[in-house]
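Here the structure is laid out as structure tokens; the discussion comes afterwards.
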């Protein structure tokens with residue numbers, strides 16, 4: 012670091028570990044007064060909901076800074092979300108376990124251990140753990156980075172490059188939101204030259220929630236200077252709930268995956284999410300065959316799919332596809348995926364940057380809407396589309412990374428950079444992940460379609476289990492209907508069992524003029540034929556006696572239902588019966604239905 016960077020004024024960081032919309036303006040005014048109403052205040056939230064396309068996160072700011080100064084070796088490098096980071100670790104751990112134990116599985120404990128070892132390697136450890144080496148190889152193959160690698164690159168850039176240091180240290184920051192992971196403290200250490208932050212405390216009247224935010228309400232905002240060491244470490248468990256729309260989360264996940272495949276065809280996690288989405292709906296066994304063929308040919312999965320479809324369409328000659336290719340049964344799904352990529356890529360290369368981005372977003376939203384059987388409301392799709400278009404306009408006009416001007420001979424480079432910024436924005440919404448929810452309870456009944464668990468999608472289907480019912484490939488309406496059907500069948504079997512027990516215990520046997528109510532016992536299965544004949548004879552006689560007794564009981568039984576409704580009573584003499592034949596009383600239908608249910 013040069014001398015000019017050393018003489019920069021120390022940036023001030025204001026930390027507000029909550030976010031209340033009703034008092035946010037008061038906090039802003041207090042911070043600006045403290046700084047002297049300067050214009051270099053950057054507001055960043057720690058985390059926000061996946062469908063919140065207006066707030067800028069601290070992790071997103073760090074990634075944008077690296078993009079701005081081209082600190083990645085490849086401009087097509089994509090960023091993994093925190094969930095995808097742990098999913099990739101789980102996949103790599105399962106692969107190592109499969110090589111050693113022939114079991115393609117990984118527990119949350121194994122993933123956490125691999126994550127801790129990976130962080131130690133980033134800090135300079137020389138540990139050569141096989142799980143970590145497999146994960147590093149996966150990242151290189153996918154041309155992707157995670158949040159911890161982004162933070163490490165940001166730390167190196169601030170320490171070693173004056174232009175980056177000046178850009179970061181000449182700003183003041185208001186960081187607000189919950190602190191659910193120690194990753195936040197690591198980010199603040201890089202932003203600060205010293206070790207102190209201004210902690211924001213807010214006091215409001217108790218009746219403010221009842222009266223809203225009326226005029227004249229006094230809101231007390233005061234600042235406390237603390238060191239980062241005094242902030243408590245975050246320990247499990249923490250609240251993993253951020254209020255958001257499940258439909259919005261689902262749309263953000265699918266759209267981000269498609270954009271990342273356009274940018275970086277080697278991103279296997281994004282490719283798997285796209286192929287399992289309602290846009291493609293590639294079956295599990297088809298994805299497995301695609302993975303197997305790509306490994307045999309040493310090709311990325313996306314390139315392998317494109318090669319297969321193109322060779323098939325070119326026809327005969329040396330470019331013809333293999334007749335015995337294992338991908339032939341899945342040509343339709345793969346062709347739909349290739350056609351979608353080709354259509355989007357053509358728009359990016361032939362249209363102006365802003366128009367291309369708008370059309371790409373419009374096509375993806377329209378394809379999701381037309382996906383049959385998944386019932387996403389158009390109002391939700393339209394609202395998310397408008398937010399995404401507004402975000403694209405803001406990023407295109409305000410963010411100008413250095414690599415946007417490099418290699419201008421690439422067709423559609425400007426539009427691709429805007430799409431990459433959108434993908435970065437969607438991938439940096441959260442920095443906390445609940446592993447138990449991600450690995451063991453990944454499904455949400457409120458979503459129209461579940462994105463599959465990556466471990467299950469990458470795992471080879473078990474042929475001994477037959478056709479596996481994969482929940483992510485079926486719409487919510489079908490799952491609910493099957494659940495209702497299962498409940499009805501369960502109730503039917505339960506009713507049948509009860510009726511069978513009732514008939515068995517109601518058999519009446521006359522013994523010496525007396526009635527015995529002892530239930531009929533079932534004979535064992537190995538009864539001899541002669542004994543079976545005797546048993547059938549006794550059963551027939553018992554049934555006759557039971558039927559005679561039932562008829563006599565019916566002859567003397569009072570019709571309680573008829574008397575209750577008053578239809579069995581004889582009309583009095585001199586009173587004409589006005590009821591027509593077949594006419595029932597007003598509540599006859601309801602009463603009959605009630606007794607039939609019993």
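In the working numbering, the protein residues as written are 12 to 609.
Positions of the beta carbon are idealized from the N, C-alpha and C atoms, including for glycine.
These numbers come from a predicted model, not from an experiment.
task: Select from 26, 115, 439, 21 the residue whose C-alpha is nearest the C-alpha of residue 196.
output: Closest option to residue 196, judged by alpha-carbon separation, among 26, 115, 439, 21: 26.
query: Does the distance from the C-beta atom of residue 24 to that of residue 199 stay below 9 Å?
result: yes
Residue burial classification, residue 314 (beta-carbon count within 10 angstroms, cutoff 16): exposed
- request: Report the rounded CA-to-CA distance for residue 455 versus residue 433, giving the unit in angstroms.
  value: Reliability fails at residue 455, whose pLDDT of 47 lies under 50, so the model's placement of it is uncertain and the value that follows must be treated cautiously. Taking the straight line from one Cα to the other gives about 25 Å.
message: Quick check: the region 434-448 against the region 61-73, are at least 3 beta-carbon pairs closer than 8 Å?
response: yes
- prompt: Which runs of the alpha helix (DSSP H) fall wholly inside the region 360-442 and span at least 4 residues, in chain order?
  reply: 364-381, 389-409, 424-438
query: Roughly how many angstroms lie between the CA atoms of residue 393 and residue 362, to the nearest whole one?
result: 23 Å
message: Whether or not the region 47-60 and the region 179-192 are in contact is what I'm after, with contact meaning three or more pairs of Cβ atoms, one per stretch, closer than 8 Å; do they touch?
response: yes
- prompt: For residue 278, is the classification buried or exposed, using 16 other Cβ atoms within 10 angstroms of its Cβ as the cut-off for buried?
  reply: buried
query: Whose C-beta lies closer than 7 Å to the C-beta of residue 304 among residues of the same chain, with five residues either side of it excluded?
result: 315, 337, 338
- prompt: Going by beta carbon distance, what residues of the same chain come within less than 7 Å of residue 129, once the five residues before and after it are set aside?
  reply: 143, 146
message: If you reduce the DSSP assignment to three classes, tell me which class residue 183 lands in.
response: strand
query: So which of 370, 167, 43 has the shortest CA-CA distance to residue 1?
result: Past the edges of the chain, shown from 12 to 609, lies residue 1, and the structure says nothing about it.
- request: Flag this pair as touching only if the region 397-404 and the region 290-301 have three or more C-beta atom pairs under 8 Å; answer yes or no.
  value: no
task: Note down the Cα distance separating residue 214 from residue 389, rounded to an integer number of angstroms.
output: 42 Å
- prompt: Helix or strand or just coil, what does DSSP make of residue 237?
  reply: strand
field: Residue range of the beta strand (DSSP E) that includes residue 26
entry: Bounds of the beta strand (DSSP E) holding residue 26 are 24-27.
query: In this structure, what does DSSP give as the bridge partners for residue 625?
result: The structure shown has nothing for residue 625, since the chain only spans 12 to 609.
query: For residue 536, is the classification buried or exposed, using 16 other Cβ atoms within 10 angstroms of its Cβ as the cut-off for buried?
result: Because residue 536 carries a pLDDT of 44, less than 50, the predicted location of this residue cannot be relied on, and the following value inherits that uncertainty. Its Cβ having fewer than 16 others within 10 Å, residue 536 is exposed.
query: Comparing alpha-carbon positions, which option in 308, 79, 112 lies nearest residue 175?
result: Cα-wise, what sits closest to residue 175 is 79.
message: Determine whether the beta carbon atoms of residue 89 and residue 155 lie at a separation below 9 Å.
response: Residue 89 is a Cβ neighbour of residue 155, given a cutoff of 9 Å.
field: Nearest residue (CA-CA) to residue 32, options 276, 288, 187, 242
entry: For residue 32, the nearest C-alpha among the options comes from 187.
message: Quick check on residue 36: does DSSP put it in helix, strand or coil?
response: helix
- prompt: By Cβ distance, which residues of its chain are closer than 6 Å to residue 471, with the 5 residues on each side in sequence left out?
  reply: 299
Cβ contact check for the region 375-383 and the region 282-292: 3 or more pairs under 8 Å: yes
task: For residue 261, count neighbouring Cβ atoms within 10 angstroms of its own Cβ and tell me buried if that reaches 16, exposed if not.
output: buried
query: Could you give the C-beta distance for residue 168 and residue 257, rounded to a whole number, given that I count them as a contact under 8 Å?
result: Contact flag wrong, Cβ pair sits at about 37 Å.
query: Hey, which unbroken runs of the alpha helix (DSSP H) at 4 residues or more fall wholly within the region 293-329?
result: 295-308, 312-325
message: Among 428, 45, 307, whose alpha-carbon lies nearest the alpha-carbon of residue 364?
response: 428
field: Backbone secondary structure at residue 93 - three-state DSSP
entry: Residue 93 falls in the helix class under three-state DSSP.
task: Going by CA-CA distance only, name the one from 230, 136, 84, 99 that's closest to residue 164.
output: 84
- prompt: Should residue 268 be labelled buried (16 or more other beta-carbon atoms within 10 Å of its own) or exposed?
  reply: buried
task: Just grab the DSSP bridge partners of residue 68 for me.
output: 56
message: Could you give the first and the last residue of the continuous beta strand (DSSP E) run that contains residue 213?
response: 207-214
- prompt: In chain order, what residues of the same chain have a beta carbon less than 7 Å from the beta carbon of residue 99, not counting five sequence neighbours either side?
  reply: 91, 146, 149, 280
- prompt: By how many angstroms is the C-alpha of residue 216 removed from the C-alpha of residue 230?
  reply: 7 Å
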